[in-house]
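Here the structure comes first, spelled out in structure tokens, and everything after it is commentary.
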Ligand SMILES: Cc1cc2nc3c(=O)[nH]c(=O)nc-3n(C[C@H](O)[C@H](O)[C@H](O)COP(=O)(O)OP(=O)(O)OC[C@H]3O[C@@H](n4cnc5c(N)ncnc54)[C@H](O)[C@@H]3O)c2cc1C
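Quick look at the structure:
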């Protein structure tokens, strides 16, 4: 019998983890990962906060809640077995006023429902013991929240796989017996394909025939970095209570593997899906955002939060004044700019910002699985998303 062939589009952390999981389960098969860039993890995987989330924020019963909790455990084991740094520095989510306490209590309840252990409610004095420079009326402490270098994890995953770099998929031919990924670098034929194309996931899904939506609307996230002599202001991760209407977590303080401390990211509409400088503008990306029916509905619904975030991105002073609400001693002289990221946020045609991970299926036999939304905590959850996708592929294969 011919060897089964699997292909994965995208060598970010989700695509690589998925390819590894399929290969672990079917060692006799060929598993090929293709990516348009010259190295792995060029986009979201290497432009994020590096936080291993514990699972406190997510709607109980959602894929995010389950896969984040499972993924955190798998990632910790993966780092231990591959000699990669994994620092459990812990996190406090800080209520800055009494008005934020009910939302923080809701996060505490969600964390408990999601099985996150050792959460602790803190009063101002207890908060000061953990984070002496943070200010708040109450806080939730999550000791298992950690930091990691997701690029390093992706490189370790890729080292066990057949990865074809510089292979951009520009069309997909789906026939009754095979799926062919086509691009200027050639063709890869497979029996089963998983699309993990991050910021391009809607476009690649459309090539595969999964065109119903949602569309990706890119949100830029800017970071600033504490100058070394002020990094003592922060010991672990310090987060605000997020706006429950908005799927982003708010500007937070993030220690990095290696010792730097960043603050960010904000969330402003990006003018380029894969451009990391403020001046980057890709007209086709802007046109795609504006043409999506959900974009206007989203803008109408979230204009207030959008304006607030826009304001925070206008100047260093505005950004710092938001962060000062968590750490009042911070001044604009304490920070220098740091590399930005761009999030792939899926938006439905009615303007809903898709909150949960979303997976689609396309092609004859349902042979193409498409990851349509894998924003934060997608990197934390990657090894569990991979197991979920491998189960889905196996179910489709067994149903034949
Ligand atoms: C600012 C920011 C902060 C974040 N913070 C965190 C955090 O602290 N913790 C956390 O868990 N998550 C965080 N996330 C989310 C996390 O980074 C993502 O969920 C995760 O990286 C998604 O991985 P991916 O493999 O799906 O996408 P990506 O890493 O974007 O990879 C997609 C890959 O597909 C390739 N590709 C696209 N189109 C094609 C094509 N046509 N042909 C071939 N290849 C193609 C791209 O080149 C790319 O390599 C953050 C994200 C951002 C942007």
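Residue numbers (my numbering): 674 to 1073.
Beta carbons: idealized from backbone N, C-alpha and C, even for Gly.
Segments of 4+ residues assigned as alpha helix (DSSP H) that fall wholly inside the stretch 837 to 908: 874 to 880
Pairwise C-alpha distance: residue 927 and residue 1115: Only positions 674 to 1073 of the chain appear in the structure, and residue 1115 is not among them; the question remains open.
Three CB pairs or more closer than 8 Å across the stretch 1017 to 1034 and the stretch 1002 to 1009: no
One or two residues paired with residue 751 in a DSSP bridge: According to DSSP, residue 751 bridges with nothing at all.
Check: residue 855 C-beta below 6 Å from any heavy atom of ligand 1: no
From 835, 959, 1031, residue whose alpha carbon lies closest to that of residue 690: 835
Chain-order list of residues whose beta-carbon lies under 7 Å from that of residue 945 (same chain, five-residue window excluded): 953, 954, 955, 958
Among 893, 784, 772, the one whose alpha carbon lies nearest that of residue 813: 784
Neighbour-count burial assignment, residue 947, 16 or more Cβ in a 10 Å radius: buried
Residue range of the beta strand (DSSP E) that includes residue 795: 793 to 795
Residue 873 versus residue 1072 - alpha carbon distance: 29 Å
Rounded C-alpha distance that separates residue 860 from residue 854: 5 Å
Closer than 6 Å: residue 1018 CB and nearest ligand 3 heavy atom: This structure lacks ligand 3; its bound ligands are ligand 1.
Cβ pair residue 1040, residue 852 closer than 7 Å: yes
Three-way DSSP call (helix, strand, coil) for residue 1014 in this model: strand
Contact test: residue 861 Cβ vs ligand 1 heavy atom, cutoff 6 Å: no
Residue 942 versus residue 934 - alpha carbon distance: 25 Å
Residue span of the alpha helix (DSSP H) that contains residue 811, given as start and end: Segment 811 to 815 is the beta strand (DSSP E) holding residue 811; no alpha helix (DSSP H) there.
Chain-order list of residues whose beta-carbon lies under 8 Å from that of residue 884 (same chain, five-residue window excluded): 878
DSSP-derived helix/strand/coil call for residue 1043: strand
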